[in-house]
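Colleague: Submitted below is the structure of interest, expressed as structure tokens.
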Amino acid sequence: MHGLVNRSIQSFVSDTYGGGLWASVASECGVSLDGFEAMLHYDDQVTHDLLDAIGARLDKGRDMLLEDLGTYLVSNHNLEALRRLLRFGGVTFLDFLHSLEELNGRASLALPDLDMPQLSLLETGPSTFRLTCRWGFPGAGALMSGILRGMADDYGALVLLEGGVPDADGTCVLKIELLDSRFSEGRQFDLAVPTG
Amino acid sequence: MTVTFSASSLDQLMPMHLLVGPDFRIRRAGPSIQKICGERDLIGQPFTRVFDLRRPRSVDALFAAEQKDATRLHLALHHEPDTPLKGQVVQLQGGRILINLSFGISVVEAVARFGLTIEDFAVTDLAIEMLYLVEANAAVTAELRQMNQRLQGAKIAAQEQAFTDTLTGLKNRRAMEHVLGRLIGSGREFALMHLDLDYFKRVNDTLGHAAGDHVLQRVAEILVSCSRKTDTIVRFGGDEFVLVFDGLTDTKRLEALARRLIGKLEEPMTFAGRSCRISGSIGITLSRFYETPQIDAMLHDADMALYESKNRGRACVSWAMGQGQETLQRTG
């Protein structure tokens, strides 16, 4: 697993539940307290162990945990970079949805060795979509649900999400209904990097 | 073939376009080029009053290009000379020209300076992808820089804990303590030889530190060449060396070895065409001289023997008898 993913899980646990929980999870999984280097690779098993340990402590299932992680990734102010990179996808939430198919290509421009979920979007009606998520690691659907919820808030869109059950090879289909693309103000996004 | 499309389509396709009449006045301006010009309405303005044309230099040349021929142009706004624009000009009917502009590489500064948004760019313009890449690249670089700093810290720490003397490649004091501790702990017999270079300070003072370093490296080579793989050769500090001979306790052989070493050290060494002459004084002790050998005591006794050699006029070998005995057996 790319260190960036493990590092994200580490930040999620420390920022959301505190350094104490991270310390105990790290020690249980044999991970150093400093955690992961975002630019290195780790065995997938480490990620599994980590998610199991966190889930056990918080009494949360794997999917719920990954969904929370997804939302955290795009809504936490410490991680502004990721949210900004996603907002480059388009002016409206609809543009953003359509930009998801490019997400993999965009990610590999920046980090060629990052294995991202493969996403494909199918328009099923005037405001309904099916997003197919494929990833080498199980849980892409749940993670993407969290990211979509977070980004909908960011754009100020009102969206209904319905997660499907992953099939045998881990492919998961999300049903998305865009109820109102200007439901709320959303968050400001400037192309220029904010200074200061 | 002639294609007709509306002004608003033109605005969408080319938000940075300009239509210039044969009188060199701007007839139309795309919304984005108008936006970067601020309050000032571009329509009706003479082209050269707004823009500083850099390639081609004269506005006539823009109109002189053959029909169907497209020409590259470089220009900047007079009031924003640091934001160069690039573009393409095509001839239209009625002596008019159509210019389509882009920021090129200056897009990163331009979005900040003019407060541009995604909608200010044509959908086909790769500007947004470029901005995305610049930002992603900066994030990755920052992460790598942090990692390098952490690794640098770890490297320094590791060097401090290392067992090698970086100048000579010999073992250092820390390594020596490990080796002696292991030999003593396993009850093995060994000889400990303390060597101090003679006249080394003179080389350093007269020929400089580079010469001194060269001599130390050459000494290290001599010591390695005169010893076995199982022996441990330590740069003890400055121009002092400690040699530990595992299982070698025959005084005659050690004495001969010490003399051969001194002989080799006395052979002239050259550095940058200059000859450097040194020698060495040696003190030796053996583990079997002690009931319970201790590192500090053995080092101290070998050191005392070494000073005996120095007092005897250098280039000598002296023996410590161990167990705190004051007497030193003089040889040679």
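Those protein sequences? They're chains A and B, same order as listed. The first sequence maps to residues 13 to 208 in our numbering. The second sequence maps to residues -13 to 318 in our numbering. Even glycine gets a Cβ: it sits at the ideal position worked out from N, Cα and C. Bear in mind that the values here come from a model prediction, so they are computed numbers and not experimental data.
Name the residues in the stretch 77 to 102 of chain A whose C-beta lies less than 8 Å from a C-beta of chain B; which are they?
Modeller: 93, 96, 97, 100 and 102
Colleague: For residue 64 of chain B, which option in B:57, B:35 and B:234 has the closest C-alpha, if you only look at C-alpha atoms?
Modeller: Working through the second sequence from its first residue, we reach residue 64 of chain B at position 78. It is B:35 whose Cα lies nearest to the Cα of residue 64 of chain B.
Colleague: Quick check on this structure: which residue in A:140, A:144 and A:152 has the alpha carbon closest to the alpha carbon of residue 193 of chain A?
Modeller: The sequence position of residue 193 of chain A within the first sequence is 181, counting from 1. Out of A:140, A:144 and A:152, the CA that lies nearest to the CA of residue 193 of chain A is found in A:140.
Colleague: List the endpoints of the continuous beta strand (DSSP E) containing residue 241 of chain B.
Modeller: For the purposes of this step, residue 241 of chain B is taken as the residue at position 255 of the second sequence. Counting along the chain, residue 241 of chain B falls outside any beta strand (DSSP E), though it belongs to the alpha helix (DSSP H) covering 237 to 252.
Colleague: Cβ closer than 7 Å: which chain A residues qualify as neighbours of residue 118 of chain B?
Modeller: For the purposes of this step, residue 118 of chain B is identified with residue 132 of the second sequence, where counting begins at 1. Under the 7 Å cutoff, chain A gives 97, 100 and 118.
Colleague: May I have a chain-ordered list of the beta strand (DSSP E) segments no shorter than 3 residues that lie completely inside the stretch 28 to 77 of chain B?
Modeller: 37 to 41, 57 to 63 and 66 to 77
Colleague: Quick one: list the residues of chain A neighbouring residue 284 of chain B, beta-carbon separation under 9 Å, in chain order.
Modeller: Position 298 of the second sequence, counted from the first residue, corresponds to residue 284 of chain B. Result: empty, since nearest Cβ-Cβ is about 40 Å, beyond 9 Å.
Colleague: Need the endpoints of the beta strand (DSSP E) that residue 305 of chain B sits in, please.
Modeller: Translated into the one-based positions of the second sequence, residue 305 of chain B becomes position 319. Run containing residue 305 of chain B: 303 to 306, per the beta strand (DSSP E) assignment.
Colleague: Taking residue 251 of chain B and residue 264 of chain B to be in contact with their CB atoms under 8 Å, please state how far apart those CB atoms are, rounded to whole angstroms.
Modeller: Taking the first residue of the second sequence as 1, we reach residue 251 of chain B at position 265. Taking the first residue of the second sequence as 1, we reach residue 264 of chain B at position 278. Residue 251 of chain B to residue 264 of chain B, Cβ: 6 Å. Contact.
Colleague: Whose Cβ in chain A lies nearer than 9 Å to the Cβ of residue 123 of chain B?
Modeller: Reading the second sequence from its first residue, position 137 is the one you call residue 123 of chain B. Neighbours of residue 123 of chain B in chain A, taken as residues at a C-beta separation under 9 Å, are given in chain order as 121 and 122.
Colleague: With 16 as the cutoff for other CB atoms within 10 Å, does residue 20 of chain B come out buried or exposed?
Modeller: Numbered from 1 along the second sequence, position 34 holds the residue referred to as residue 20 of chain B. With 16 or more other Cβ atoms within 10 Å, it is buried.
Colleague: Measuring only between beta-carbons, confirm whether residue 113 of chain A sits less than 8 Å from chain B.
Modeller: As a first step, residue 113 of chain A must be located in the first sequence, where it is residue number 101. Not closer than 8 Å to any Cβ of chain B, the Cβ of residue 113 of chain A fails to qualify, so no.
Colleague: Would you decide whether residue 89 of chain A is buried or exposed? Buried here means 16 or more other CB atoms lie within 10 Å of its CB.
Modeller: To locate residue 89 of chain A, count along the first sequence from 1; it is residue 77. Result: exposed.
Colleague: Beta carbons nearer than 7 Å to chain A: which residues of the stretch 128 to 159 of chain B have them?
Modeller: 129, 130 and 133
Colleague: Measure from the alpha carbon of residue 113 of chain B to the alpha carbon of each residue in A:203, A:119 and A:122, then state which is nearest.
Modeller: In the second sequence, counting from the first residue as 1, residue 113 of chain B sits at position 127. The shortest Cα separation from residue 113 of chain B among A:203, A:119 and A:122 belongs to A:203.
Colleague: Report the residues of the stretch 76 to 107 of chain B with a CB closer than 7 Å to any CB of chain A, ordered along the chain.
Modeller: 97, 98, 102, 103, 104 and 105
Colleague: If you follow the alpha helix (DSSP H) that residue 135 of chain B is in, where does it begin and where does it stop?
Modeller: Within the second sequence, numbered from 1, the residue matching residue 135 of chain B stands at position 149. It spans 113 to 146 - the alpha helix (DSSP H) in which residue 135 of chain B sits, taken as one unbroken run.
Colleague: Can you find the residues in the same chain that come closer than 7 Å, C-beta to C-beta, to residue 100 of chain B, ignoring five residues on each side of it along the sequence?
Modeller: Taking the second sequence and counting its residues from 1, the one referred to as residue 100 of chain B is at position 114. Cβ within range, chain order: 21 and 22.
Colleague: Please check the pair residue 81 of chain A and residue 20 of chain A, which I expect to be a contact at CB under 8 Å, by giving their CB distance rounded to whole angstroms.
Modeller: The sequence position of residue 81 of chain A within the first sequence is 69, counting from 1. The sequence position of residue 20 of chain A within the first sequence is 8, counting from 1. Between residue 20 of chain A and residue 81 of chain A the Cβ distance is about 7 Å, and since that is below 8 Å, they are a contact.
Colleague: Tell me, please, whether the stretch -4 to 16 of chain B touches the stretch 129 to 138 of chain A by the rule of three or more beta-carbon pairs shorter than 8 Å.
Modeller: no
Colleague: Could you give the distance in angstroms between the alpha-carbon of residue 78 of chain A and the alpha-carbon of residue 163 of chain A?
Modeller: Residue mapping note: residue 78 of chain A aligns to position 66 of the first sequence, counting from 1. Residue mapping note: residue 163 of chain A aligns to position 151 of the first sequence, counting from 1. So the two alpha carbons sit approximately 15 Å from each other.
Colleague: So, with DSSP's three-state summary, where would you put residue -2 of chain B?
Modeller: What you label residue -2 of chain B is simply residue 12 of the second sequence in a count that begins at 1. Helix.
Colleague: By how many angstroms is the C-alpha of residue 5 of chain B removed from the C-alpha of residue 30 of chain B?
Modeller: Numbered from 1 along the second sequence, position 44 holds the residue referred to as residue 30 of chain B. Numbered from 1 along the second sequence, position 19 holds the residue referred to as residue 5 of chain B. In a straight line, the C-alpha of residue 30 of chain B is about 11 Å away from that of residue 5 of chain B.
Colleague: I want to see whether chain B comes within less than 8 Å of residue 128 of chain A, judged by CB atoms only; does it?
Modeller: Counting from 1 along the first sequence, the entry for residue 128 of chain A is found at position 116. No, no contact with chain B.
Colleague: Determine the closest residue to residue 280 of chain B out of B:170, B:221, B:240 and B:289, with distance taken between C-alpha atoms.
Modeller: In the second sequence, residue 280 of chain B corresponds to position 294, counting from 1. For the residues B:170, B:221, B:240 and B:289, the minimum Cα distance to residue 280 of chain B belongs to B:170.
Colleague: On a CA-only basis, which of A:83, A:126, A:75 and A:117 is nearest residue 178 of chain A? Give me that one, please.
Modeller: Locating residue 178 of chain A in the first sequence gives position 166, counting from the first residue. Considering only alpha carbons, the answer is A:75.
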